[in-house]
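Worksheet for the structure shown next.
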Amino acid sequence: MSSGYDDALPLRLARNAEAVEALLDNLLALDVAAGEIARPERLLAAMRHGALGGGKRLRPFLTVEAARLFSASEAQALRAGTAVELLHCYSLVHDDLPSMDDDDTRRGRPTVHKAFDEATAILAGDALLTLAFEVMADPATHASGQVRAALVLCLARASGLGGMVGGQMFDLAAEGRFEPAPRALSESEIRRLQAMKTGALLRASVEIGALLGGADAAALDALRRYGRAVGAAFQVADDILDVEATPEELGKATAKDADKGKATLVSALGLDAAKRERDRLRDEAIAALDGFGEEAGMLREAARFAAARRS
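In this note's numbering, each residue carries its 1-based index in the sequence shown increased by 40.
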């Protein structure tokens, strides 16, 4: 069966992931950075466990490819994308905690709280989060303080109260954490939750690349539309994989959503309708790039990948 995306994409993804991995390895070295006093070895080891050796690195890929549309510095785009990835890794470390999703495995190996302990995992997540903003605010990411401020603002809004963290709170509430029993969410409430918990950071990954490249208002709007649709398609695909994929394919436990009563579009629409919605969102993302010509080819393939992935 066809993967649904061009064969050139895996190679570009792999090259980008390798570059992100190298930069993460450098940022998480034992050497004390300027302005620091010391780096606790156990904390650093937990941060490295949570951040290194992981996944396709889709978020920094989106940042780099969006920045490429405006001929932005690839080295600077890689730094900005790696900042987004650090924030994403923090969110995974905290999501896996016993008080959150209580997961034992992530990417085929023990989660940070299992490999170390819960307190260390909390601190590792905190440190990854803080490092994300340190990298984004560093002049090495962009010479202009005004641009760096816009990047930091975009990342903060996508990841905080009105974005990822707020979406996680809605998710916990829907599970019945604060009431006697789970509450069934409407389709619109599920879409809002997912737009915040998963979609906001994926959209910001694209927007940050555009801001780094100095995109004008029209281009920025188009890329925001692309990012919103890709983020939504990615989450619906994730919901479908939780039903259809094996733990070996995903590198983590499956069938968790139904077991925990989580609100998903699969539960709201049914599996077949959720697949149609995933494909509709993929097409919406691709259509948003109509004004960019062939230069946006990899972003189009990334949308197809987000919908067709098996892990």
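Cβ atoms here follow ideal geometry from the backbone N, Cα and C, with glycine treated the same way. Keep in mind it's a predicted model, so treat the numbers as computed, not measured.
- If you look at ARG264, you'll find it in the alpha helix (DSSP H) that goes 257-284.
- Within the segment 207-266, the complete alpha helix (DSSP H) runs of at least 4 residues fall at 227-234 and 240-252.
- For a cut-off of 8 Å, the C-beta gap from GLU335 to LEU109 is around 6 Å, short enough to register as a contact.
- By the Cβ rule, the segment 147-157 does not count as touching the segment 173-185, because fewer than three pairs are nearer than 8 Å.
- If you draw a straight line from the Cα of SER139 to the Cα of TYR266, it is about 34 Å long.
- Scanning its chain for C-beta atoms nearer than 7 Å, with the 5 sequence neighbours on each side dropped, one finds around VAL306 the residues ASP279, ILE280, VAL283 and ALA314, in chain order.
- Taking C-alpha positions only, ASN56 is separated from GLY310 by approximately 35 Å.
- Around the C-beta of PRO100, 16 or more other C-beta atoms lie within 10 Å, and the residue is accordingly described as buried.
- Distance from the CA atom of PHE173 to the CA atom of ARG232, rounded to whole angstroms, is 26 Å.
- Ranking ALA235, ASP330 and ALA86 by CA distance to the CA of LEU70 puts ALA86 first.
- Remark: C-beta atoms of ALA269 and GLU227 do not approach each other more closely than 8 Å.
- Under the three-state reduction of DSSP output, THR122 falls in the helix class.
- Pairing ALA240 with HIS128, the inter-Cα distance amounts to about 11 Å.
- Within the model, the alpha-carbon separation for LEU252 versus ALA115 is close to 11 Å.
- Using a Cβ distance threshold of 8 Å, GLY203 and ARG197 count as a contacting pair.
- Judged by their CB atoms, ALA259 and ALA250 are nearer to each other than the 8 Å cut-off.
- In the same chain as ARG318, and ignoring 5 residues on each side of it, the C-beta atoms closer than 7 Å to its own belong to ALA273, VAL276, ALA277, ILE280 and ALA347, in chain order.
- When only Cα atoms are considered, ALA74 and ASP166 end up about 20 Å apart.
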